[in-house]
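Residue numbers (our numbering), protein chains in the order written: chain A, 39 to 180; chain B, 39 to 180. One structure is given below, encoded as structure tokens.
Protein chains: 2
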Amino acid sequence: MAANSRLTIATHVLTWLALAQRRGQEVLTSDQVAASVNTNPVIIRRSLGDLRRAGLVEVRHGAGAGWSLARTPEEITLLQVYDAVGAEPPFGLHRTEPNLECPVGRGIRPALSEAYGRVERVIRRELADTSIADMLRETLMS
Amino acid sequence: MAANSRLTIATHVLTWLALAQRRGQEVLTSDQVAASVNTNPVIIRRSLGDLRRAGLVEVRHGAGAGWSLARTPEEITLLQVYDAVGAEPPFGLHRTEPNLECPVGRGIRPALSEAYGRVERVIRRELADTSIADMLRETLMS
DNA sequence: CGCAGCTGTAACAGAAAATGTTACGACAAG
DNA sequence: CTTGTCGTAACATTTTCTGTTACAGCTGCG
Chain A
39 MAANSRLTIA THVLTWLALA QRRGQEVLTS DQVAASVNTN PVIIRRSLGD
89 LRRAGLVEVR HGAGAGWSLA RTPEEITLLQ VYDAVGAEPP FGLHRTEPNL
139 ECPVGRGIRP ALSEAYGRVE RVIRRELADT SIADMLRETL MS
Chain B
39 MAANSRLTIA THVLTWLALA QRRGQEVLTS DQVAASVNTN PVIIRRSLGD
89 LRRAGLVEVR HGAGAGWSLA RTPEEITLLQ VYDAVGAEPP FGLHRTEPNL
139 ECPVGRGIRP ALSEAYGRVE RVIRRELADT SIADMLRETL MS
């Protein structure tokens, strides 16, 4: 499995909040969300923290606390979630600097950055085309 | 940095082979390639092994051994390299199975697979549009 | 005002994957 | 047969993500 399941976790969380909202449940606690994702509540709180900093969810403190969406599910795209969780780009450059004496070693990194940038752009365009509302609809189909 | 620099290493290797070929140097040893990438020869041999299995490079054994491209630089695309190195997809599903009692836990994975599949498709389309010859040209520009 | 319940975050353990290193048998040209 | 390089195993190192425990901080309610 790929290293990065943060987008998966965050999308799961938001989809679950969207369903709860539609069912009239105002807020969910991190324990309730963790029960659906089947993981530790701290993992969920970390993910929800990312989403809160991005303005996608709201938190209520104190007794009767919990989380709710800050916007409608139609207004939240997977691109916003992708940016919120701060995922690494799919391809990394060299871990150690190439040999700058060599013409390839000198010029390959700008060339790769260009190519990887083009890939990143099409990824973002594609992610922007799917909303949490779309995800909820597809989720309930199965 | 992202975990996966395998595509970067493999592209660097192929670009270097393409330049050597153009300069009239028939083969390069893994030591020579490693000197440009600035890493251990074994890393290079592992990468070249992937590329050989994909039919992108050829190896000559014995004394005076070394590597050369199996096709012209124009005929090798980054998509072929991507497939050759067997990189993980950018997004992974849940590490542990979600709670199947929950409607979201039950339906989210097929929905995510759909969305991630669309992303994978546009990545592949973009990678297929760049060849090693393109990379060499861009590399020598700087 | 104090209690209860949940958040926010630090600290650390564990797991998994990529990378780097050493070593050595296999192979082919001369 | 000698020499130089490949192919690969074995292991150390590093990095990143995930999971867990612990505890201070906040807020509604009695």
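Even glycine gets a Cβ: it sits at the ideal position worked out from N, Cα and C.
Residue i touches chain A at which residues, Cβ-Cβ below 9 angstroms?
| i | result |
| --- | --- |
| Ile161(B) | Pro128, Val157, Val160, Ile161 and Glu164 |
Could you list which residues in chain B have their beta carbon closer than 8 angstroms to that of residue i, in chain order?
| i | result |
| --- | --- |
| Val75(A) | His132, Pro136, Asn137 and Gly143 |
| Ile114(A) | What Ile114(A) touches in chain B: nothing, since even the nearest Cβ is about 13 angstroms away. |
| Leu57(A) | Pro141 and Val142 |
Whole angstroms is fine: what's the gap from residue i's alpha carbon to residue j's?
| i | j | result |
| --- | --- | --- |
| Arg44(B) | Ser85(B) | 8 angstroms |
| Glu158(B) | Asp88(A) | 25 angstroms |
| Pro136(B) | Leu165(A) | 23 angstroms |
| Ala92(A) | Leu117(A) | 12 angstroms |
| Pro127(B) | Ala48(B) | 17 angstroms |
| Ile82(B) | Val51(B) | 8 angstroms |
| Arg90(B) | Val80(A) | 45 angstroms |
| Ile146(A) | Leu178(B) | 8 angstroms |
| Pro148(A) | Thr53(B) | 13 angstroms |
| Leu138(A) | Arg61(B) | 19 angstroms |
| Met39(A) | Glu176(B) | Note that Met39(A) has pLDDT 42, beneath the 50 cutoff, so the model's placement of it is unreliable and the number below is only indicative. Going by the C-alpha atoms only, they are around 33 angstroms apart. |
| Thr134(B) | Gly100(B) | 48 angstroms |
| Tyr154(B) | Asn42(A) | 13 angstroms |
If the cut is a Cβ gap below 8 angstroms, which residues of chain A does residue i touch?
| i | result |
| --- | --- |
| Ser106(B) | Within 8 angstroms Cβ-Cβ: nothing; Ser106(B) doesn't reach chain A, min ~15 angstroms. |
Can you tell which of the options has the C-alpha that lies nearest to the C-alpha of residue i?
| i | options | result |
| --- | --- | --- |
| Thr67(B) | Leu52(B), Gly104(B) and Ile170(B) | Gly104(B) |
| Leu94(B) | Val123(B), Val160(B), Val80(B) and Gly62(B) | Val123(B) |
| Thr115(B) | Leu174(B), Ala58(B) and Gln70(B) | Leu174(B) |
| Asn78(A) | Ile146(B), His132(B) and Glu126(B) | His132(B) |
| Ala125(B) | Leu55(B), Thr177(B), Met179(B) and Arg162(B) | Arg162(B) |
| Arg98(B) | Glu64(B), Val119(B), Glu152(B) and Thr134(B) | Glu64(B) |
| Thr46(A) | Thr177(B), Met179(B) and Glu152(B) | Glu152(B) |
| Ser106(B) | Thr134(B), Leu138(B), Ala58(B) and Ile146(B) | Ala58(B) |
| Gly102(B) | Val160(B), Leu150(B) and Asp69(B) | Asp69(B) |
| Tyr120(B) | Tyr120(A), Val119(A), Phe129(A) and Glu96(A) | Phe129(A) |
| Glu96(B) | Asn42(B), Leu55(B) and Met179(B) | Leu55(B) |
| Arg156(A) | Thr134(B), Tyr154(B), Val160(B) and Ser180(B) | Val160(B) |
| Ser180(B) | Leu150(A), Thr134(A), Gly100(A) and Asn42(A) | Leu150(A) |
Against chain A, with Cβ distances strictly below 7 angstroms, would residue i count as a contact?
| i | result |
| --- | --- |
| Thr67(B) | no |
| Asn78(B) | no |
| Ser85(B) | no |
| Ser169(B) | no |
| His99(B) | no |
| Ala103(B) | no |
Indicate whether at least one CB of chain B lies closer than 7 angstroms to the CB of residue i.
| i | result |
| --- | --- |
| Pro148(A) | yes |
| Glu176(A) | yes |
| Thr53(A) | yes |
| Ala72(A) | no |
| Ala153(A) | yes |
So which residues on chain B does residue i lean against when the C-beta distance must stay under 7 angstroms?
| i | result |
| --- | --- |
| Thr46(A) | Phe129, Gly130, Leu131, His132 and Leu150 |
List, in chain order, every chain B residue whose beta-carbon is nearer than 9 angstroms to that of residue i.
| i | result |
| --- | --- |
| Thr110(A) | Neighbours of Thr110(A) on chain B: none; closest Cβ ~17 angstroms, over 9 angstroms. |
Would you say the segment 67-82 of chain B touches the segment 138-154 of chain A, given that touching needs at least three Cβ pairs under 8 angstroms?
yes
For the segment 104-122 of chain A and the segment 162-169 of chain A, state whether three or more C-beta atom pairs, one from each stretch, are separated by less than 8 angstroms.
yes
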